[in-house]
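Numbering (the UniProt record's numbering), first residue to last: 1 to 217.
Data block below; observations after.
Rendered as structure tokens:
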């Protein structure tokens, strides 16, 4: 392995300009498709072929109240056959919708809540070796309830959603003890725990550009 000496501020994921030789959709699904790409790692080398899920991306919301508690919601997840404690989240499946607006919508739909203060908490890719999915987690504070007349009617798996408020430190312990496994919840809880150390001053504004999302570069 080539170990390079880099300054900490140089450590950053970046888009790559490697040449695509061929690309086709090999499966069309209900929510996402499977794409097959052939590409060159270096000019003149034999192309590599990879299949991966093309995904619209998602937003998640780490909800923190004035008592340093986080909101976790419980939902059934068919692929892993588990009911999981998660944070509110949803797909970026509305054409032209801003990620921060999508986060506000998901918070209202899944948790019946609104928030006055929004920050970008952390960005991540669920599985960059097999999916294009990018996920942005927002930190939501300054909470209020959605009026009864504006409540969203949940259906499908979302109809079974129920929630609980957990002290942040207890939620982090649940992650480290292996009791919470949802990727957005794990990443979000550890990130907000780290951000709390400097009073959340290191967080980015809610409208910060998102070059990690393939469609938002």
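Ideal placement from N, C-alpha and C gives every residue a C-beta, glycine not left out.
Fair warning: this is a prediction, and the values are worked out from it, not measured in the lab.
Item to check | Own chain residues within Cβ distance below 6 Å of residue 163, not counting five before or after | outcome: Closer than 6 Å at the Cβ level, and outside the excluded window around residue 163, lie 71, 73.
Item to check | Residues near residue 130 by beta carbon distance below 7 Å, same chain, minus five either side | outcome: 52, 53
Checklist entry - Which class does residue 116 belong to by DSSP, given the choice of helix, strand or coil? => result Residue 116 falls in the strand class under three-state DSSP.
Checklist entry - Residues bridged to residue 23 by DSSP? => result 37
Item to check | Boundaries of the alpha helix (DSSP H) in which residue 78 is found, first to last residue | outcome: First-last for residue 78: undefined, no H or E at that position.
Next on the checklist: In the DSSP output, what is residue 179 paired with across the bridge?
Outcome noted: Bridge pairing for residue 179: absent [DSSP].
Item to check | Nearest-angstrom Cα separation, counted from residue 57 out to residue 104 | outcome: 16 Å
Checklist entry - Tell me the DSSP bridge mates of residue 124? => result 135
Next on the checklist: Would residue 137 and residue 60 qualify as a contact pair, given that the criterion is a beta-carbon distance under 8 Å?
Outcome noted: yes
Checklist entry - Using CA coordinates, which residue listed in 95, 90, 133, 66 is at the minimum distance from residue 211? => result Looking only at 95, 90, 133, 66, the smallest Cα-Cα distance to residue 211 is reached by 133.
Item to check | Proximity of residue 191 and residue 122 at Cβ, strictly below 8 Å | outcome: yes
Next on the checklist: Distance check for residue 95 and residue 49, CA to CA, integer angstroms please.
Outcome noted: 30 Å
Checklist entry - DSSP on residue 97, reduced to helix/strand/coil? => result coil
Item to check | Top-ranked residue by Cα proximity to residue 115, from 66, 30, 208, 46 | outcome: 66
Checklist entry - Secondary structure at residue 169, three-state DSSP: helix, strand or coil? => result Helix at residue 169.
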